[in-house]
Every structure is written in structure tokens, then in C-alpha cells.
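Structure first, commentary second.
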Amino acid sequence: MVGTWQHVAIRVPHPHPRFSSASDHENRERFAGTLLFVGIHSPFPFASISESSFNSALLDLIVSPQIIVSKMGVAEKIHDMEEGNLEIGMEYRTVSGVAGPLVILDKVKGPKFQEIVNIRLGDGTTRRGQVLEVDGEKAVVQVFEGTSGIDNKFTTVQFTGEVLKTPVSLDMLGRIFNGSGKPIDNGPPILPEAYLDISGSSINPSERTYPEEMIQTGISTIDVMNSIARGQKIPLFSAAGLPHNEIAAQICRQAGLVKRLEKSDNLLEGGEEDNFAIVFAAMGVNMETAQFFKRDFEENGSMERVTLFLNLANDPTIERIITPRIALTTAEYLAYECGKHVLVILTDMSSYADALREVSAAREEVPGRRGYPGYMYTDLATIYERAGRIEGRTGSITQIPILTMPNDDITHPTPDLTGYITEGQIYIDRQLYNRQIYPPINVLPSLSRLMKSAIGEGMTRRDHADVSNQLYANYAIGKDVQAMKAVVGEEALSSEDLLYLEFLEKFERKFVAQGAYDTRNIFQSLDLAWTLLRIFPRELLHRIPAKTLDQYYSRDAGN
Numbered sequence: 078m079v080g081t082w083q084h085v086a087i088r089v090p091h092p093h094p095r096f097s098s099a100s101d102h103e104n105r106e107r108f109a110g111t112l113l114f115v116g117i118h119s120p121f122p123f124a125s126i127s128e129s130s131f132n133s134a135l136l137d138l139i140v141s142p143q144i145i146v147s148k149m150g151v152a153e154k155i156h157d158m159e160e161g162n163l164e165i166g167m168e169y170r171t172v173s174g175v176a177g178p179l180v181i182l183d184k185v186k187g188p189k190f191q192e193i194v195n196i197r198l199g200d201g202t203t204r205r206g207q208v209l210e211v212d213g214e215k216a217v218v219q220v221f222e223g224t225s226g227i228d229n230k231f232t233t234v235q236f237t238g239e240v241l242k243t244p245v246s247l248d249m250l251g252r253i254f255n256g257s258g259k260p261i262d263n264g265p266p267i268l269p270e271a272y273l274d275i276s277g278s279s280i281n282p283s284e285r286t287y288p289e290e291m292i293q294t295g296i297s298t299i300d301v302m303n304s305i306a307r308g309q310k311i312p313l314f315s316a317a318g319l320p321h322n323e324i325a326a327q328i329c330r331q332a333g334l335v336k337r338l339e340k341s342d343n344l345l346e347g348g349e350e351d352n353f354a355i356v357f358a359a360m361g362v363n364m365e366t367a368q369f370f371k372r373d374f375e376e377n378g379s380m381e382r383v384t385l386f387l388n389l390a391n392d393p394t395i396e397r398i399i400t401p402r403i404a405l406t407t408a409e410y411l412a413y414e415c416g417k418h419v420l421v422i423l424t425d426m427s428s429y430a431d432a433l434r435e436v437s438a439a440r441e442e443v444p445g446r447r448g449y450p451g452y453m454y455t456d457l458a459t460i461y462e463r464a465g466r467i468e469g470r471t472g473s474i475t476q477i478p479i480l481t482m483p484n485d486d487i488t489h490p491t492p493d494l495t496g497y498i499t500e501g502q503i504y505i506d507r508q509l510y511n512r513q514i515y516p517p518i519n520v521l522p523s524l525s526r527l528m529k530s531a532i533g534e535g536m537t538r539r540d541h542a543d544v545s546n547q548l549y550a551n552y553a554i555g556k557d558v559q560a561m562k563a564v565v566g567e568e569a570l571s572s573e574d575l576l577y578l579e580f581l582e583k584f585e586r587k588f589v590a591q592g593a594y595d596t597r598n599i600f601q602s603l604d605l606a607w608t609l610l611r612i613f614p615r616e617l618l619h620r621i622p623a624k625t626l627d628q629y630y631s632r633d634a635g636n
């Protein structure tokens with residue numbers, strides 16, 4: 078480029094009336110009387126600049142359509158400027174292109190990967206972005222609020238030298254925020270107790286504690302057959318038109334820690350606990366869904382322990398990439414600094430994956446399966462692996478991401494990769510939903526890999542695992558008998574087969590089916606399971622030990 082760089086030592090005067098901008102006035106007042114070393118690129122050669130002409134010369138450069146560096150940096154030596162240590166706070170008017178949610182910058186000095194930039198449009202509005210890629214003096218920036226209105230003539234970009242951080246506080250419980258973490262509930266501003274990197278801190282694997290102790294959801298099919306351990310990550314696999322939002326809201330209303338009362342074998346205290354909190358992040362939801370969650374939490378009294386993040390469908394797509402990370406950063410603060418047991422619900426992770434694909438396409442990366450980026454597995458892992466427990470910290474993070482499978486396809490990249498990372502899945506079934514069974518959770522493809530560590534004597538009840546195994550076995554056999562009946566007819570079935578058909582019908586109508594506001598604690602669910610198992614004679618309950626049958630089978634005998 079034609080022109081010269083000039084390093085000028087100058088003592089800053091007090092603000093001049095020509096600096097009408099409030100931000101410029103504030104900066105000048107802050108540095109007034111300070112000796113600064115200022116680096117200015119001029120489109121024309123010059124040898125020096127005097128203090129008296131500083132204002133007019135700087136303003137002339139600011140309005141230049143060529144590359145500008147308008148902000149002032151403070152240095153102890155001119156050497157600092159020459160070594161490129163003063164790029165922080167510098168502004169550039171070098172936008173060379175806009176591609177979807179991305180802005181491409183040229184002739185940028187010292188950009189850093191994941192550095193946050195402030196983008197000022199020609200109309201004075203500001204937006205935030207993050208450096209995605211650096212190649213010499215070129216930088217690719219993703220803009221969280223979208224790129225509409227950005228041009229290469231009047232738009233300036235300022236590099237902050239910081240990664241994206243979010244303010245966190247215990248006061249965030251009971252509040253509603255947008256996808257960028259800004260309050261939208263007309264409440265008072267949050268007084269942050271800390272600013273934390275949204276990417277989270279690395280956790281030493283040796284410091285992780287194995288997830289134990291059950292989180293009670295109040296839903297029988299989850300609590301009895303797919304128990305969730307405190308610190309586990311287990312997704313809900315759903316599809317368009319299925320009631321995953323209602324199930325998520327029900328879990329938020331009813332979820333709590335399982336806690337046995339002292340010297341009691343059959344009572345449970347859970348649900349409402351002072352140290353239990355919920356962080357709920359919705360990505361790409363419509364206004365109706367957002368209003369449903371807000372209204373449900375407020376009307377049922379659970380809002381006081383919920384922090385709600387909402388990224389609406391008409392919000393910038395790129396914002397969905399940071400929404401789950403802001404939510405998880407808030408959860409980490411509540412768990413590891415405030416000692417709370419946090420349940421994080423993320424919906425819809427399919428919208429997040431689509432946003433990731435949009436950014437990848439804008440960067441013209443080589444696509445993977447169905448157009449998704451090849452690094453999506455790694456990216457999803459940076460979200461899911463933030464669940465868990467840490468040695469020496471009383472809090473924990475349990476994660477329930479919800480994702481919708483396009484065309485009910487469980488082999489779609491999003492659920493497929495999610496299943497590799499998480500510790501099981503809960504499958505919401507369309508056939509059960511079409512038969513008016515709520516919640517339509519199909520227990521056969523569902524799985525909780527950490528269930529064994531969360532149940533049993535001392536945590537729930539010693540018959541829990543055996544009852545769960547027997548329910549699985551009998552339900553699977555009942556499905557086989559149902560399929561056989563469709564071929565050979567009911568007359569060809571044995572009396573034993575008819576028992577399994579009876580069990581199948583009652584299991585789905587009495588055990589799986591449950592009202593949206595019907596809360597069952599784990600003991601109520603286990604007792605209901607025993608009621609169904611008594612349909613069979615003892616000799617057909619092969620998966621339950623005789624000692625357990627002696628204790629529970631004859632209790633309240635009868636159907």
C-alpha cells in the first residue's frame with residue numbers, strides 16, 4: 078500500500094469539541110496528559126505531527142477510505158509498537174468481503190484465533206464477532222448478530238485481544254436471557270461476580286469423579302428403566318411434531334435429587350432442594366415455544382431455580398453456536414463455585430448443528446456427511462463433555478440435550494455422532510405418540526449406560542436393577558408376541574403368550590403413560606412395576622432372584 082507508518086510520541090491534550098463521539102471523548106479524557114506512542118498509517122508521507130495538529134490529522138485519517146488505525150495504544154517504548162504489541166484496540170477499515178455470517182478482513186496486524194472483535198457499522202451500531210481463521214494478515218470473523226448492513230466502506234473492526242467471556246452470578250437464577258446472554262425479562266442488570274471464558278476450562282481427567290446418585294425426573298420410564306446419574310450426559314432423541322418440549326418442561330418442573338429419609342426403606346424425599354438448579358438453553362425455537370417455556374416455568378413455581386437462555390428462530394443463526402456454551406459456562410459457575418447440582422437442558426441441538434453447517438459452507442470447507450463439517454464430532458464433544466463431577470467440588474453438571482431427527486432418521490449425523498459421545502439415549506417414539514400415549518418414550522431403544530452406578534441399595538432400592546431387567550425382558554417378549562399375533566391370529570397363541578400380551582397393554586397404558594403434571598417418585602414407580610409383574614406367576618420372572626421375589630412379589634398380591 079502507498080503511504081508510510083509513522084511512530085509519534087505525543088502528549089494527549091484534553092478532548093477537543095470536534096471529537097463529538099461519546100466514546101472518543103471518553104478515550105481522550107482517559108488519556109489526557111499522558112505521553113503516548115501512536116502508530117499512524119498515512120496515505121501520504123510525512124515526517125512528524127505536532128500536538129496542535131493532532132486532532133485534525135487524526136480525524137482526517139479516520140475518514141480515509143483506505144486502511145486506518147484510529148485508536149491510540151499506550152507503550153513504554155517505540156520498540157513495543159515496532160514489535161506489533163499494540164494491535165489491541167486498533168481499528169481497521171479493511172473489510173474485503175462478506176459471506177453469509179462471515180466477514181473477511183485484509184491487512185490486519187496480529188489477529189488471534191477466537192479473539193473477539195467489535196464491529197462498528199456506518200450507522201453507528203455495534204456488533205460482536207469472533208475470529209475463526211487467521212492467514213497471515215487476513216482474518217475471517219463470524220458475526221454473532223448477523224452481517225446485514227455491513228459494507229467495506231464505512232464499517233470498522235476493532236480487535237479487543239480477548240476471548241469471548243460471559244458475566245456469571247448466582248443472581249442469574251430466575252432470569253431470562255437471549256442467546257448472547259443479555260437479559261430480556263425487563264429485570265435489573267446482572268451484577269457479575271466473574272467473567273468466564275465461554276469455552277470453559279480444561280478439566281484434568283484424573284480429577285473427574287464417576288457419576289453416581291440418581292436424579293429423579295418423576296417420569297417412570299426414565300427413573301426405573303433409564304435412570305440418570307448425577308453428572309451424566311444423556312440425550313433425548315425426538316422428531317418434528319413429537320412432544321419433546323412438553324417432556325423437557327416436565328423434567329424441569331419435577332427434577333430433583335434422590336434423597337432417602339433416615340431409617341426408612343420406602344420413602345423418598347426429592348424434587349425441591351435448595352442446591353438444585355436448572356440451566357435451560359433453547360436454540361432456534363419459534364416464539365410460541367419460547368412463550369410456552371416461560372409461561373410453564375413461571376406458572377408452576379420452578380422459575381426461581383431456572384436460568385433460561387432463548388435463541389429464537391428469527392435471531393441470527395450464528396448466535397446458536399455460542400448459546401449452549403454460554404449456558405454451560407453459567408452452569409459450571411453454579412456447580413463448581415456455588416456448589417449446586419445443575420441440570421442442563423439444551424434444545425434443539427439439531428439447530429446448533431445446522432448453524433455449524435452454515436458457517437462451514439460459508440468458509441467453503443470440504444463437507445462431510447450430508448454437508449455437515451468433518452469436525453462436527455469434535456465440536457459436539459466440546460459441549461457434551463462439559464458435564465460431570467470434579468473431585469473436591471460438591472456441585473455437578475448433568476446434561477440432557479434434546480435433538481430432533483430429520484425424517485425420524487436415527488442414522489442422521491447429528492443423533493449418530495451424539496450417541497457416540499453421550500452415555501446413552503432416551504428415544505421418543507412416534508407410534509406411541511400416535512396412540513395417544515404420553516410421554517411416548519420407547520424403552521427398548523433407550524439406554525442409560527451409567528444407570529448401574531445410580532441405583533440399588535442405599536441409593537434407590539435394592540430391587541431396582543432386577544425389576545428394570547424383568548420389565549425390559551417381558552416388554553420385548555410382548556412385542557414379539559404381538560407381531561406373531563398379527564400373522565397367526567390370537568387363537569394360535571398359548572396361555573403364556575396371552576399373559577405377555579396383557580402385560581404389554583397394561584405396561585404401555587399404566588406405566589409408560591403418565592400425565593404431564595403427574596409426578597411419581599422412584600418408589601411409586603417401582604411399586605407400580607411390581608403390580609404389572611404380578612400378572613405373571615413367579616416361575617416366569619426369571620430375572621429376579623428368589624430372595625427379592627420373597628420380599629416384594631407377594632406384597633399386595635393381585636393385579
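Mapping the sequence shown onto the numbering used here, position 354 (from 1) lands on 431, and the numbers just tick up by one. For glycine and all other residues, C-beta sits at the position ideal for the given N, C-alpha and C. Source: prediction; values computed, not measured.
Assign residue i to one of three DSSP states: helix, strand, or coil.
| i | result |
| --- | --- |
| Val240 | coil |
| Gln235 | strand |
| Ser119 | Any reading at Ser119 must be qualified, since the residue scores a pLDDT of 46, below 50, and its modelled position is unreliable; no value is offered. |
| Gln207 | strand |
| Asp212 | strand |
| Glu128 | Because Glu128 carries a pLDDT of 49, less than 50, the predicted location of this residue cannot be relied on, and the following value inherits that uncertainty. Reduced to three states, the DSSP call for Glu128 is coil. |
| Ile193 | strand |
| Phe613 | coil |
| Tyr429 | helix |
| Tyr169 | strand |
| Ile296 | coil |
| Lys699 | Residue 699 is absent from the model: the chain starts at 78 and stops at 636. |
| His93 | Any answer about His93 is weak, because its pLDDT of 47 lies below 50 and its placement is not dependable; what the coordinates show is given next. It is coil, neither helix nor strand. |
| Asp274 | strand |
| Val335 | coil |
| Ala623 | helix |
| Met291 | strand |
| Lys340 | Low per-residue confidence applies at Lys340: pLDDT is 42, beneath 50, and the placement is therefore not dependable enough to give any value. |
| Pro260 | strand |
| Tyr629 | helix |
| Met536 | coil |
| Arg597 | coil |
Which two residues bound the contiguous beta strand (DSSP E) that contains residue i?
| i | result |
| --- | --- |
| Ala215 | In the sequence as displayed, the identity of residue 215 is Lys instead of Ala. That run of the beta strand (DSSP E) goes Lys215 to Val220. |
| Ser173 | Val172 to Ala176 |
| Ala306 | Ile305 to Arg307 |
| Thr424 | His418 to Thr424 |
| Met528 | Neither: Met528 is in no beta strand (DSSP E) and is coded neither H nor E. |
| Thr384 | Val383 to Leu389 |
| Ala367 | Looking at the DSSP string, Ala367 is not in any beta strand (DSSP E); the run it does join, the alpha helix (DSSP H), is Met364 to Glu376. |
Output yes or no for whether 9 Å exceeds the beta carbon distance between residue i and residue j.
| i | j | result |
| --- | --- | --- |
| Ala358 | Ile422 | yes |
| Leu626 | Leu618 | yes |
| Gly501 | Ser525 | yes |
| Asn303 | Ser571 | no |
| Gly308 | Gly533 | no |
| Ala306 | Ala550 | no |
| Phe236 | Val194 | yes |
| Glu290 | Leu334 | yes |
| Leu182 | Val217 | yes |
| Leu198 | Phe221 | no |
| Gly451 | Glu442 | yes |
| Ile477 | Ile612 | no |
Could you spell out where the alpha helix (DSSP H) holding residue i opens and where it closes?
| i | result |
| --- | --- |
| Ser545 | His541 to Val565 |
| His321 | His321 to Gln331 |
| Ile253 | Where Ile253 is concerned, there is no enclosing alpha helix (DSSP H), although the beta strand (DSSP E) it sits in stretches over Ile253 to Asn255. |
| Ser315 | It is not in any alpha helix (DSSP H) - Ser315 instead sits in the beta strand (DSSP E) that spans Leu313 to Ser315. |
Just checking my contact of residue i with residue j at CB under 8 Å: how many whole Å lie between their CB atoms?
| i | j | result |
| --- | --- | --- |
| Arg402 | Ile275 | 4 Å |
| Tyr413 | Ile467 | 6 Å |
| Met453 | Leu433 | 6 Å |
| Glu192 | Val240 | 7 Å |
| Gly592 | Leu578 | The Cβ separation is near 25 Å, so there is no contact. |
| Pro517 | Ile505 | 6 Å |
| Ile460 | Leu405 | 7 Å |
| Gln207 | Pro178 | Incorrect: roughly 11 Å between the Cβ atoms, too far for contact. |
| Arg538 | Phe600 | 7 Å |
| Ser602 | Asp300 | 5 Å |
| Arg382 | Phe353 | 7 Å |
| Asn391 | Met360 | Not quite, the Cβ-Cβ distance comes to about 13 Å (not below 8 Å), so this is no contact. |
Kindly say whether residue i, judged by its beta-carbon, lies nearer than 9 Å to any beta-carbon of chain E.
| i | result |
| --- | --- |
| Leu578 | The structure shown contains no chain E; it holds only a single protein chain. |
**OP:** Report the residue ranges of all beta strand (DSSP E) runs contained in full by the segment 476-524; include only those spanning at least 3 residues, in chain order.
**Re:** Within the segment 476-524, the complete beta strand (DSSP E) runs of at least 3 residues are 501-505.
**OP:** Please go through the segment 436-472 and give each complete beta strand (DSSP E) segment of 3 or more residues, from N-terminal end onward.
**Re:** The qualifying runs are 465-467.
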